[in-house]
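J.: Below you will find the structure I want to go over with you.
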Amino acid sequence: MILLALACAPVIPEDSALDTGGGDSDSAVATAVVTTTSADYASALLATVQLSTMIIIDRITTAPTDSQVVSEDGLVYVLGRFGVDAVRVYEPGEWVEPIQEFSTGDASNPQDVKECGGSVYVSLYGSTEVKRYDPETWLLRGVVDLSSLADSDGIPEVANMIERDGVLYVALQQLDQDNGWVANGGLVASIDCATGALLQSFVAAPDPTLHDVPGSAKLMVRTGLYFANDGGVGWFDPTTGTEAPLLTEAALGEEITDLAMVDATHGIVVTHAENHDFTTWCWNPDDNALVELFTTPSSFQGLKAVGDDVWIVARAGWADYLSPTGVIVVDAIACEPGAERWLTDFEFPPFSVDFY
Amino acid sequence: MSLLVFANAAFAAEPPGETVVVEAPAPRGPDAAATSAAVTVLRPDASTPASADVASLVESAAGTTVQRLGGLGDFAAVSIRGASLRQVEVFLDGVPLNPDGAGVVNLAELPLGAFERIEVWRGNAPVSFGAAPLGGVVNLVTRQGDGGAVSAAYGPYQTVKGDAYGALTHGNLDGNAFAEVLSTQGDYRYFDDNATVFNLLDDHVRVRGNNDKLQVGGFVRGRASLGDWRVSLTDAPLYRDEGLPGSVNLPAEEARLTTLRNLAVARVEGHGGAWAGSATLWHLGRREALVDLAGELDGAAREETDLSDTVGLRVTATAAPSAWLQPSATVSGHSETLAVTDTLATDDEPVRARRVGTAALGADLRFWNDRLTLSPVVQGVALDGATTIESLDPRLGALVRPTRWLSLKANGGRYLRAPDLVEMFGNHGNLEGNPLLVPERGWQADVGARVEGPRAWPVRLSADAGAFWLASEDRIVWVQNSQQSFTPVNFGATWVQGVEAALDVQAFDVVDSDTTVTWQQSRNLTADSGFANNELPRTPPLTISEAVSVHWEERVRLGYSLSYTGANYWDAANLYASAPRTLHGAFVRAQPTPRWPSLELSALNLTDTLTEVVPRNPADPDDPSRAVSAITDFSGYPLPGRTFLLTARWQQAPPTKDRP
């Protein structure tokens, strides 16, 4: 099997699942799928990592350079964001060619994919729409029109999505692209998965992103603009649409760029300092306690939880072009400073990660 | 004789009192056989089709690669011997348009009709250009001489081009002027795979939108001759208003760029019995206004104006104190400022400035009746701005002429290019500067031979062949540092080596043929594992250019051209390669008598090649699947298909007169 893996075969053995411990939604995952993008952002590849062995199988196929990889309902979606504006849909392990590839429209900038209510929803950051596809035929089933929630630039900046009980919660960042990306507000919209109807919208702090919390009916919401200590993280109750801020950037003195929760009491928060260093913290929302793990000049592109672990995608730092790149694996339950593991043997620096 | 070698050819006076029948003026410019440097002198002449532009003519020289973002009038820039675009310095009448590698010159802004010749100096360049750049020099020399000419052309995509040239002489005063107007919609067809390489059902042919252009440019010059001295004033303005069409996958419908440029030059030239010299004062002003309120180009709305001003002074002098020694020197200095105004930004960018001084001191040492010439040069650069840089670099050229028809050449030297103001401080919002950049440094060397047959032979030929090597350290490369912003970094070392050959044949006053072949290898020696030991992007290993025409006097001329570009990578990771491509062109021209206008029909991309076939999954070399892709010079910017141009041209008949 190792020989097979080293031979860079495009078919991935999936015979050993990771014991993922506390998380319930990832208990069956065995493989990480990673898009990697060259330092000059001109080339990109798809790689996988066998979670049981941490063996990297690289250079499987090409990928868009500005990508988001999403594992959803047994399929792997590779989204080519702004300038590509297309989605590739793969059967996991079958990488020779996608089962479907479709454009979402020039400059539509697809951000996230969720399957719910028998449809596949694709959020579009450069559009007023969430598009809804038939996962059998991949034909467009309809669009969710969010133009009524647009800010002054005419689009609501539809970001990521989380599904709860047949309802899709969508973060609308409402940034004014015509005016230096200043915040015009921030909303969370809810969509009925079965019908694609816009149900309601809730006011959020500026520039929100939503984050899943395994084992909890609630979500986490992160808010705040880049390069400003104006936001924070807190609970978002989808039943009431209310926010309960917990951790603020102002109190921390650094910008919170991302977070990932492995359960309701354990998560990883990453912060960005003025000198462009990134710091990783364990965080317990119950008592709002933070434990600093490590600081690096590398920049963090994204976080993804799997079992007890959080995978942090690290690229070259904004202030240090030669800083290390790779995936940093942190145990959010054990939370031991200095115990992080680096996966660095990718051909290009990682860009996005998910698990199947 | 030695005086004639170093003196400007324009000063070479005929012996007084003799009657000379001037049928056609002798070609001016450098004699490729008499210099150690590798130089190609390109002249827009009867064998040049009316569809040619500066970029296509430059590309016909050995060792050059032109990167285009489209068709006629679209952005084009030149690389020589695998050097970066900024490492090539472009001069207009000896005045730098990108002094010391500050920026990239858009060759499309320079109308071919304005020039009597284009000199492409590969590697070593004469001392008169000052501290020579690593990548070589392209010197465009404006038209001179009496007479007048007008031309008008019409082509598809509502392309209209017209130009006029005129000259006057009155006693010791003379003046000439050229103007060109180019207007095109540029809405050519191109292939679009909709960014879905695996999905063939949504492939289609689109029309390039928002690619219109209006460009007006030219020059006007006045000169006064006072004995051994001559004073000239030249002004070369440009207005260019264009839509920015964006890339294939991200077309823009409204983004626009308006450019105003003016080059004003005052020059004093003089010569005595054993010396010649000149002093040139110049001002280059450039204003670029970018409007992209919808954020079509990179997702961010922009309304910016970049204003750059450069004032420079260049003094050159050569002397011939003895028959074997001809020292020469060029000292130049310029001060430049860059002001960026972003009306949508909340903060004002400060005006950036720097001062650069360069000096090149050299000599031609001639031995054994000029059979051996050694040309040592020391060049220095001093820069004062955000950083202070001082450098002193040597170079050496050697020329051996064992016979009149054979020249053997060798050159070598070390070069430097300091980061420019945009690289240091950014521009256009999405370009973030890097004040920590260190200069690019490099070595280049070449050896070559030139053979020239006697001009009296019915078949006249000249052949050049050579090998070159170019290495640079701390090469500056723009890399993306976040989703839509770029910053320059010192990327590491690179080298390029290759051979280049050119054959020029004129047979029986009927056939003209120019052939060039360049083969090169390149390596990226950066420490980045994703790029280490890869080929440099857009450095094709093999390029072939052929232009042949047959003519009956100049009453009828038929021409054909071929351009072959070998497969080359367009990314530093060497993942994506363009397929080899061959483009054909042709023209037919008729002119019943020299006094009549000529009429020409020329065709570009005769076979209407719009697409190329490339590996569908280049990550897996064993995957035999192929995909169809648009043919491009630069990823995402398609080239047009077959294009015809109908041109009428009238030129005052060549002078035939008795000169007292």
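In the order they appear, the protein sequences are chains W and V.
The opening position of the first sequence corresponds to residue 0 in numbering that gives the first Met the number 0, with each subsequent residue numbered one higher.
The opening position of the second sequence corresponds to residue 0 in numbering that gives the first Met the number 0, with each subsequent residue numbered one higher.
From the three backbone atoms N, C-alpha and C, an ideal C-beta is built for every residue, glycine too.
Keep in mind the model is a prediction, meaning the values are calculated, not measured.
Closer than 7 Å, CB to CB, is residue 197 (chain V) near chain W or not?
T.: Numbered from 1 along the second sequence, position 198 holds the residue referred to as residue 197 (chain V). Judged by the 7 Å Cβ criterion, residue 197 (chain V) is in contact with chain W.
J.: Given this structure, state the Cα-to-Cα distance separating residue 34 (chain W) from residue 602 (chain V), to the nearest angstrom.
T.: As a working mapping, residue 34 (chain W) is identified with position 35 in the first sequence. As a working mapping, residue 602 (chain V) is identified with position 603 in the second sequence. Their backbone Cα atoms lie some 44 Å apart in a straight line.
J.: Can you find the residues in the same chain that come closer than 6 Å, C-beta to C-beta, to residue 219 (chain V), ignoring five residues on each side of it along the sequence?
T.: For the purposes of this step, residue 219 (chain V) is taken as residue 220 along the second sequence, with counting starting at 1. If we look at residue 219 (chain V) and ignore the five residues flanking it on each side, its Cβ neighbours are 176 and 234.
J.: Does any CB atom of chain V fall closer than 7 Å to the CB of residue 320 (chain W)?
T.: In the first sequence, the residue the question calls residue 320 (chain W) occupies position 321. By this cut-off, residue 320 (chain W) is an interface position.
J.: Does any C-beta atom of chain W lie closer than 7 Å to the C-beta of residue 89 (chain V)?
T.: By 1-based counting over the second sequence, the position of residue 89 (chain V) is 90. Closer than 7 Å: no.
J.: Using a Cβ-Cβ distance under 7 Å, would residue 44 (chain W) count as near chain V?
T.: Numbered from 1 along the first sequence, position 45 holds the residue referred to as residue 44 (chain W). At least one chain V Cβ lies under 7 Å of residue 44 (chain W).
J.: Taking a Cβ distance cut-off of 9 Å, strictly less, list which residues of the segment 280-302 of chain V are near chain W, in chain order.
T.: Taking 9 Å as the Cβ-Cβ cut-off against chain W, the residues of the segment 280-302 of chain V that qualify are 292, 293, 294, 295, 297, 298, 299 and 300.
J.: With C-beta atoms as the reference, is residue 338 (chain V) less than 7 Å away from residue 328 (chain V)?
T.: Numbered from 1 along the second sequence, position 339 holds the residue referred to as residue 338 (chain V). Numbered from 1 along the second sequence, position 329 holds the residue referred to as residue 328 (chain V). No; because the gap between Cβ atoms is not below 7 Å, this pair is not in contact.
J.: Can you pull out the residues from the segment 94-121 of chain W whose beta carbon lies closer than 8 Å to at least one beta carbon of chain V?
T.: Cβ contacts with chain V come from 95, 96, 97, 99, 100, 101, 102, 105, 106 and 108.
J.: Could you check what DSSP says for residue 85 (chain V) in three-state terms: helix, strand or coil?
T.: The residue you call residue 85 (chain V) lines up with position 86 of the second sequence. Three-state DSSP puts residue 85 (chain V) in a helix.
J.: Assign residue 19 (chain W) to buried or exposed, taking buried as 16 or more other Cβ atoms, counted over all protein chains shown, within 10 Å of its Cβ.
T.: One-based indexing of the first sequence puts residue 19 (chain W) at position 20. Because the pLDDT at residue 19 (chain W) is just 35, under 50, the model does not fix this residue reliably, and the value given afterwards should be weighed accordingly. Burial call: buried.
J.: Compute the distance between the beta-carbons of residue 118 (chain V) and residue 196 (chain V), then report whether it is under 7 Å.
T.: By 1-based counting over the second sequence, the position of residue 118 (chain V) is 119. By 1-based counting over the second sequence, the position of residue 196 (chain V) is 197. Result no, Cβ atoms of residue 118 (chain V) and residue 196 (chain V) do not sit closer than 7 Å.
J.: Could you tell me whether any Cβ in chain V is nearer than 7 Å to the Cβ of residue 177 (chain W)?
T.: As a first step, residue 177 (chain W) is located in the first sequence; it is residue number 178 there, counting from the start. Closer than 7 Å to some Cβ of chain V, the Cβ of residue 177 (chain W) qualifies, so yes.
J.: Hey, does residue 347 (chain W) have any beta-carbon neighbour from chain V nearer than 7 Å?
T.: Numbered from 1 along the first sequence, position 348 holds the residue referred to as residue 347 (chain W). Chain V contact via Cβ: present.
J.: Using 7 Å as the threshold, is the C-beta distance between residue 544 (chain V) and residue 35 (chain V) below it?
T.: Locating residue 544 (chain V) in the second sequence gives position 545, counting from the first residue. Locating residue 35 (chain V) in the second sequence gives position 36, counting from the first residue. Contact: no.
J.: Which chain A residues are close to residue 637 (chain V), counting only those with a beta carbon under 8 Å from its beta carbon?
T.: Given the protein chain composition of this structure (W and V), no chain A is represented.
J.: On the three-state DSSP scale, how would you describe residue 173 (chain W)?
T.: The residue given as residue 173 (chain W) occupies position 174 in the first sequence. The answer is coil: DSSP assigns residue 173 (chain W) none of H, G, I, E or B.
J.: In the DSSP assignment, the beta strand (DSSP E) including residue 235 (chain W) goes from what residue to what residue?
T.: Against the first sequence, residue 235 (chain W) aligns to sequence position 236. Segment 231-236, the beta strand (DSSP E) holding residue 235 (chain W).
J.: Determine the direct distance from the alpha carbon of residue 212 (chain W) to that of residue 162 (chain W), and round the result to whole angstroms.
T.: By 1-based counting over the first sequence, the position of residue 162 (chain W) is 163. By 1-based counting over the first sequence, the position of residue 212 (chain W) is 213. If I take the Cα positions, the gap works out to 11 Å.
J.: Do you know offhand how far residue 158 (chain W)'s Cα is from residue 170 (chain W)'s?
T.: In the first sequence, residue 158 (chain W) corresponds to position 159, counting from 1. In the first sequence, residue 170 (chain W) corresponds to position 171, counting from 1. Computed Cα separation, rounded: 5 Å.
J.: In the DSSP output, which residue or residues are listed as bridge partners for residue 160 (chain W)?
T.: In the first sequence, counting from the first residue as 1, residue 160 (chain W) sits at position 161. DSSP output for residue 160 (chain W) lists W:169 as bridge partner(s).
J.: Give the straight-line distance between the Cα atoms of residue 153 (chain V) and residue 211 (chain V), rounded to the nearest whole angstrom.
T.: Counting from 1 along the second sequence, the entry for residue 153 (chain V) is found at position 154. Counting from 1 along the second sequence, the entry for residue 211 (chain V) is found at position 212. Spanning the two alpha carbons is a distance of roughly 15 Å.
J.: Could you tell me which residues DSSP pairs with residue 59 (chain W) in its beta bridges?
T.: If you number the first sequence from 1, residue 59 (chain W) lands on position 60. The partner list for residue 59 (chain W) (beta bridge, DSSP) is empty, contrary to what the question assumes.
J.: Identify every run of the beta strand (DSSP E) within the segment 580-608 of chain V, keeping only runs that are complete inside it and at least 3 residues long; order them along the chain.
T.: You should have 580-589 and 597-603.
J.: Does residue 566 (chain V) come out as helix, strand or coil in the three-state DSSP assignment?
T.: Taking the first residue of the second sequence as 1, we reach residue 566 (chain V) at position 567. DSSP places residue 566 (chain V) in coil when its eight states are reduced to three.
J.: How would you call residue 29 (chain W), buried or exposed, if buried means at least 16 neighbouring beta carbons within 10 angstroms?
T.: Residue 29 (chain W) sits at position 30 when you count from the first residue of the first sequence. Answer is buried; the Cβ neighbour count reaches 16.
J.: Measure the alpha-carbon distance for residue 365 (chain V) versus residue 492 (chain V) and round it to whole angstroms.
T.: Position 366 of the second sequence, counted from the first residue, corresponds to residue 365 (chain V). Position 493 of the second sequence, counted from the first residue, corresponds to residue 492 (chain V). Distance between the alpha carbons of residue 365 (chain V) and residue 492 (chain V) is about 36 Å.
J.: Based on Cα-Cα distance, which residue from V:475, V:421 and V:407 lies nearest to residue 466 (chain V)?
T.: Against the second sequence, residue 466 (chain V) aligns to sequence position 467. Comparing Cα positions, the closest option is V:407.
J.: For the beta strand (DSSP E) containing residue 374 (chain V), name the first residue and the last one.
T.: As a position in the second sequence, residue 374 (chain V) is number 375, starting the count at 1. Here the beta strand (DSSP E) through residue 374 (chain V) covers 371-383.
J.: Could you name the residues of the same chain whose beta carbon sits closer than 6 Å to that of residue 498 (chain V), not counting the 5 residues immediately before and after it, in chain order?
T.: Taking the second sequence and counting its residues from 1, the one referred to as residue 498 (chain V) is at position 499. 466 and 518.
J.: Compute the Euclidean distance between the alpha carbons of residue 167 (chain V) and residue 647 (chain V), then round it to the nearest angstrom.
T.: Indexing the second sequence from 1 puts residue 167 (chain V) at position 168. Indexing the second sequence from 1 puts residue 647 (chain V) at position 648. Straight-line Cα distance between these residues: approximately 23 Å.
J.: Exposed or buried, which one is residue 353 (chain W) when buried takes at least 16 other CB atoms within 10 Å?
T.: Walking along the first sequence from the start, residue 353 (chain W) turns up at place 354. Burial call: buried.
J.: Between V:455, V:537, V:240 and V:181, which has its C-alpha nearest residue 209 (chain V)'s C-alpha?
T.: Taking the first residue of the second sequence as position 1, residue 209 (chain V) is located at position 210. Residue 209 (chain V) has its Cα closest to that of V:240, out of V:455, V:537, V:240 and V:181.
J.: For the segment 54-67 of chain W against the segment 78-86 of chain W, are there 3 or more C-beta pairs whose distance is under 8 Å?
T.: Yes, they touch.
J.: Can you name, in chain order, every residue of its own chain whose Cβ lies under 6 Å from the Cβ of residue 349 (chain W), other than the five neighbours on each side?
T.: Numbered from its first residue, the first sequence carries residue 349 (chain W) at position 350. Excluding positions up to five away in sequence, the list reads 33, 35, 312 and 326.
J.: Can you tell me whether residue 228 (chain V) is buried or exposed, with buried defined as 16 or more other CB within 10 angstroms of its CB?
T.: Along the second sequence, read from residue 1 onward, the residue named residue 228 (chain V) stands at position 229. Exposed, since its Cβ has fewer than 16 Cβ neighbours within 10 Å.
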